[in-house]
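Visitor: Once you've had a glance at the structure underneath, I'll fire off some questions.
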Amino acid sequence: MSRSNTLPFQMKVTKTVGLSPTVKSLKLGFNDPKLATAFSFEPGQFIFLSIPGYGDSVLTITSAVADLPQIEVAVRSVGNNTKAIHRLKIGETVFVRGPFGNHFDLKKMAGKEVIIIAGGIGLAPLRSLIKTIEKEPQNVGELKILAGAKEPEDFIFKSDLKTWSDFAQVYLTVDQADKNWTGYIGRVTKLIKEAKINQKAIAVLCGPPVMFLPLIKELEGLGLKDDNIYLMLERRMKCGIGKCQHCTCGDRYVCLDGPTFSWLELKDNWEAFL
Amino acid sequence: MSLVLHHQDLSKLITELSEKWPVYGPKKERNEHEVRLELLTSAKNLSLNNSSSIVPPKKFLFPAKEVLILFEKNKLKKPAQTELILLGLNRKDAEGLFCLDKLMTTPLLDDHYAEKREKVHLIVIDSLAPSNNLNCDLYLQRVDQEHYLVFPFGGFGGKIAKSKLFSHDGDVGTISTRHLPDNVIYHPRLDEIVENSRDHPVWDRLAETCFNCGICSYVCPLCYCYETEDNFEITSNIEKDCKGCRNRAWDSCMLPDFNKVTFHNFRPKMKDRIYNWYYHKFVRMPREYGFPGCNGCGRCITACPAKINYREVLKELIKDEQK
Numbered sequence: 136m137s138r139s140n141t142l143p144f145q146m147k148v149t150k151t152v153g154l155s156p157t158v159k160s161l162k163l164g165f166n167d168p169k170l171a172t173a174f175s176f177e178p179g180q181f182i183f184l185s186i187p188g189y190g191d192s193v194l195t196i197t198s199a200v201a202d203l204p205q206i207e208v209a210v211r212s213v214g215n216n217t218k219a220i221h222r223l224k225i226g227e228t229v230f231v232r233g234p235f236g237n238h239f240d241l242k243k244m245a246g247k248e249v250i251i252i253a254g255g256i257g258l259a260p261l262r263s264l265i266k267t268i269e270k271e272p273q274n275v276g277e278l279k280i281l282a283g284a285k286e287p288e289d290f291i292f293k294s295d296l297k298t299w300s301d302f303a304q305v306y307l308t309v310d311q312a313d314k315n316w317t318g319y320i321g322r323v324t325k326l327i328k329e330a331k332i333n334q335k336a337i338a339v340l341c342g343p344p345v346m347f348l349p350l351i352k353e354l355e356g357l358g359l360k361d362d363n364i365y366l367m368l369e370r371r372m373k374c375g376i377g378k379c380q381h382c383t384c385g386d387r388y389v390c391l392d393g394p395t396f397s398w399l400e401l402k403d404n405w406e407a408f409l
Numbered sequence: 008m009s010l011v012l013h014h015q016d017l018s019k020l021i022t023e024l025s026e027k028w029p030v031y032g033p034k035k036e037r038n039e040h041e042v043r044l045e046l047l048t049s050a051k052n053l054s055l056n057n058s059s060s061i062v063p064p065k066k067f068l069f070p071a072k073e074v075l076i077l078f079e080k081n082k083l084k085k086p087a088q089t090e091l092i093l094l095g096l097n098r099k100d101a102e103g104l105f106c107l108d109k110l111m112t113t114p115l116l117d118d119h120y121a122e123k124r125e126k127v128h129l130i131v132i133d134s135l136a137p138s139n140n141l142n143c144d145l146y147l148q149r150v151d152q153e154h155y156l157v158f159p160f161g162g163f164g165g166k167i168a169k170s171k172l173f174s175h176d177g178d179v180g181t182i183s184t185r186h187l188p189d190n191v192i193y194h195p196r197l198d199e200i201v202e203n204s205r206d207h208p209v210w211d212r213l214a215e216t217c218f219n220c221g222i223c224s225y226v227c228p229l230c231y232c233y234e235t236e237d238n239f240e241i242t243s244n245i246e247k248d249c250k251g252c253r254n255r256a257w258d259s260c261m262l263p264d265f266n267k268v269t270f271h272n273f274r275p276k277m278k279d280r281i282y283n284w285y286y287h288k289f290v291r292m293p294r295e296y297g298f299p300g301c302n303g304c305g306r307c308i309t310a311c312p313a314k315i316n317y318r319e320v321l322k323e324l325i326k327d328e329q330k
């Protein structure tokens, strides 16, 4: 596997799916068959995806390890890089470095109730974990997925959310409902009461920075332990190996120590949610 | 019997080496106070005497801007690196490079830096004896007006030391041990003091004077944060015939956008960015690597347009901690 932190390897777009008005999912296959067999990752790890001339985008793998030798990523169109990624067609080449970062502790989740809490595109990095649990749902206790979006059409992985309710409890909320909406209305925090969370549960959170503290307060109120609450942080990394300094966050590097941290690790961190 | 180089032969050594490799060293050419690391063909204008260049020698390994990858359509390749000699660095600057080597190659390897580093050979010249914290090929210790004691290291150093300009001279053995004032601020708990100083008024005060220009990072031999950016040639169909390169360039954690993501800035306040600069150098780096991110060269003090002196800042933190 290419361990170079500067020279990427080639992958080919094998499928693209529009997930929401601004988010697209890409399925990528390896050009090099040797790399296809050698490549491995753990749920929660991220890659750098680039189109020459545009630069790198940091994306967490959204597929499960069992889906190898293909990987999937979800991209929200916000800048030049991501707009170019959205224009990619099947068969086109992209360049990838990785995987980097830590991963979810699946062993720790064994037998426990697992709560996935996602705001907006925050569901993307958690999908790899959900899909891993989906393969063997008996490995964890109960799986509860709490997801929020601005409007119903902004939910990503809409068809997945339907399938996931076969093995998980799925709670959805929107800030602004339309006439067809039958789910909850309001912040994700509201869902916590609905989900009847066990105090021994393990919660994994991903979403905009403003979402974290109110959620943590709720979860702590239910008696969840600080080291059972996990958060995924986002930073604009350039290297993935602790050099470029763009992802330093208090005493941590998001690229090396993260992107997933326990609340216990971040409690005293003065830069995690600034 | 020690291996010796006579001072009068230093120029010949440079000429001899420059026939095979480009040789760069500290030169005082344009004016009396400006030392720059430039191409040498002799010892003319060579500035030794511990004067430090405006930009530190890191520019040969981690330049202000460099090409990381070249691309043409869908083919990528690494640019070729030139072999060169860096001659006349003083021990402090060479020790700075030793630390930079550690920063860039451990615990994880920056492969681009490593490729470059292999091609850069160091010849250190100082009146101090060689220390353990050097990755140099040849060390020339100026023991008196006339002589340098020669210490070759590794294969490349050994090869250079075979030059006829070096001789075995039994008379040179007395080493002058000139003591340099150590400019590194030392305190056994400096990391804790800086770590606990987040609420100290000094950061607010500095935020009022600092221009956030980032010059302290650019001239620092141990600052290594960077930014990458793709450049391409304009063609009729950029998406199809894209030809260009990915550059990496110096960045600075002092700059306002350093911690910006698409919809958020994680370090919007100047005060926090200044604290982070000190935190990285005096807390994170000592804990991560065992040495501070400062070797006391003083370049940041000379270059700062706001006349901020980090030594005064650290002294103030230490003093107030003892209250």
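Top line first, the protein sequences correspond to chains A and B.
For reference, each letter of the first sequence is one residue, going 136 to 409 in this note's numbering.
For reference, each letter of the second sequence is one residue, going 8 to 330 in this note's numbering.
Ideal Cβ placement from N, Cα and C applies to all residues, glycine included.
1) Quick check: tyrosine 306 of chain A and glutamate 329 of chain A, are their CB atoms within less than 7 Å of each other?
2) Is the beta carbon of aspartate 237 of chain B less than 7 Å from the beta carbon of glycine 214 of chain A?
3) Evaluate glutamate 125 of chain B with the Cβ neighbour count: other Cβ atoms within 10 Å of its Cβ, from every protein chain shown; 16 or more gives buried, anything less gives exposed.
4) So proline 260 of chain A contacts chain B; which residues on that side make the cut at Cβ distance below 7 Å?
5) Do you know offhand how far lysine 331 of chain A's Cα is from lysine 322 of chain B's?
6) Out of A:Met346, A:Cys379, A:Ala284, state which residue places its alpha-carbon closest to the alpha-carbon of glycine 255 of chain A.
7) For lysine 413 of chain A, does the count of other Cβ atoms within 10 angstroms reach 16, so buried, or fall short, so exposed?
8) For proline 159 of chain B, name the three-state secondary structure that DSSP assigns.
9) Using the Cα positions of serine 137 of chain A and leucine 116 of chain B, report the straight-line distance between them to the nearest angstrom.
10) According to DSSP, simplified to helix, strand and coil, what is leucine 104 of chain B?
11) Buried or exposed for aspartate 403 of chain A, going by 16 or more other Cβ atoms inside 10 Å?
12) Tell me the rounded alpha-carbon separation between proline 143 of chain A and lysine 80 of chain B.
13) Taking the beta carbon of alanine 282 of chain A as the centre, do at least 16 other beta carbons fall within 10 Å, making it buried, or is it exposed?
14) Per DSSP, which one or two residues make a beta bridge with serine 185 of chain A?
15) Distance, Cα to Cα, leucine 324 of chain B vs methionine 346 of chain A?
16) Can you check DSSP and say which residues form a bridge with aspartate 237 of chain B?
17) Using a Cβ cut-off of 7 Å, which residues of the segment 179-192 of chain A contact any Cβ in chain B, in chain order?
18) Taking only the alpha-carbon atoms, compute the straight-line gap between threonine 395 of chain A and proline 178 of chain A and give it to the nearest angstrom.
19) Please check if any C-beta of chain B sits within less than 7 Å of the C-beta of serine 139 of chain A.
20) In terms of alpha-carbon separation, which member of A:Gln334, A:Gln304, A:Lys297, A:Glu286 lies closest to tryptophan 316 of chain A?
21) Less than 7 Å between the beta carbons of lysine 65 of chain B and proline 299 of chain B, yes or no?
22) Determine the chain A residues that contact methionine 111 of chain B at a beta-carbon separation under 8 Å, and present them in chain order.
23) Less than 7 Å between C-beta atoms, sequence neighbours within five positions excluded: which residues of the same chain meet that for phenylalanine 176 of chain A?
24) Identify, in the order they occur along the chain, each residue of the same chain with its Cβ nearer than 7 Å to the Cβ of glycine 393 of chain A, setting aside the five sequence neighbours on each side.
25) Among residues of its own chain, excluding the 5 on either side of lysine 72 of chain B, which ones have a beta-carbon nearer than 7 Å to its beta-carbon?
26) 7 Å is my cut-off, CB to CB: does valine 323 of chain A come that close to chain B?
27) Is it buried or exposed, threonine 269 of chain B, if we count other Cβ atoms within 10 angstroms and call 16 or more buried?
28) Would you kindly report the start and end of the unbroken alpha helix (DSSP H) that includes glutamate 153 of chain B?
29) Could you tell me which whole beta strand (DSSP E) segments of length 3 or greater appear in the segment 66-110 of chain B?
30) Who are the Cβ neighbours of isoleucine 265 of chain A in its own chain at under 7 Å, not counting the five residues just before and after it?
31) At 9 Å on the CB atoms, spell out the chain B contacts of histidine 238 of chain A, in chain order.
32) Mind pulling the chain A residues with CB within less than 9 Å of glutamate 234 of chain B?
33) Could you tell me which residues DSSP pairs with lysine 267 of chain B in its beta bridges?
34) I'd like the span of the beta strand (DSSP E) that includes tyrosine 306 of chain A, first residue to last.
35) What does glycine 103 of chain B reach in chain A if we use C-beta pairs closer than 8 Å?
Guide: Inspection of the coordinates gives the following:
1) A contact, by the Cβ cut-off of 7 Å.
2) Not closer than 7 Å, so no.
3) Classification for glutamate 125 of chain B: exposed.
4) Listed along chain B, no residue sits closer than 7 Å to proline 260 of chain A by beta-carbon distance, the nearest being about 14 Å off.
5) One C-alpha to the other measures close to 54 Å.
6) The residue with the shortest Cα to Cα distance from glycine 255 of chain A is A:Ala284.
7) Absent from the structure is residue 413 of chain A, since the part of chain A shown begins at 136 and ends at 409.
8) Proline 159 of chain B falls in the strand class under three-state DSSP.
9) Annotation note: pLDDT 45 at serine 137 of chain A (below 50); position unreliable, coordinate value reported separately. Note on geometry: alpha-carbon atoms of serine 137 of chain A and leucine 116 of chain B lie some 13 Å from one another.
10) Three-state result, leucine 104 of chain B: helix.
11) For aspartate 403 of chain A, the number of other beta carbons within 10 angstroms of its own is below 16, and it is reported as exposed.
12) Computed Cα separation, rounded: 14 Å.
13) With 16 or more other Cβ atoms within 10 Å, it is buried.
14) For serine 185 of chain A, which the question treats as bridged, DSSP gives the partners A:Asp191, A:Phe230.
15) Straight-line Cα distance between these residues: approximately 36 Å.
16) Per DSSP, the beta bridge partners of aspartate 237 of chain B are B:Arg253.
17) Along the segment 179-192 of chain A, going in chain order, the ones with a CB nearer than 7 Å to a CB of chain B are Pro187, Gly188, Tyr189, Gly190, Asp191.
18) Rounded to the nearest whole angstrom, the C-alpha separation of threonine 395 of chain A and proline 178 of chain A is 11 Å.
19) It does: the Cβ of serine 139 of chain A has a partner Cβ on chain B nearer than 7 Å.
20) Nearest option by C-alpha distance: A:Glu286.
21) At least 7 Å separates the beta-carbon of lysine 65 of chain B from that of proline 299 of chain B.
22) Within 8 Å Cβ-Cβ: Lys378.
23) Within the same chain, phenylalanine 176 of chain A has close Cβ partners Ile196, Val200, Pro234.
24) Around glycine 393 of chain A, the same chain offers Gly236, Asn237, Leu368, Arg387 as residues with beta carbons nearer than 7 Å, after the five sequence neighbours per side are excluded.
25) So the qualifying residues of the chain are Asn254, Ala256.
26) It does not; no Cβ of chain B falls within 7 Å.
27) Exposed, because fewer than 16 other Cβ atoms sit within 10 Å of the Cβ of threonine 269 of chain B.
28) Where glutamate 153 of chain B is concerned, there is no enclosing alpha helix (DSSP H), given that its DSSP letter is neither H nor E.
29) The segment 66-110 of chain B contains these whole beta strand (DSSP E) runs: 72-79, 82-84, 91-96.
30) Ile251, Ile280, Trp299, listed in sequence order.
31) Contact note: histidine 238 of chain A does not reach chain B at a C-beta cutoff of 9 Å; the least C-beta distance is about 17 Å.
32) Result: Lys373, Cys379, His381.
33) DSSP, once it has assigned bridges, lists B:Asn272 as partnering lysine 267 of chain B.
34) 304-309 is the span of the beta strand (DSSP E), which, as asked, contains tyrosine 306 of chain A.
35) Those within 8 Å of glycine 103 of chain B in chain A number zero; the least Cβ separation is about 17 Å.
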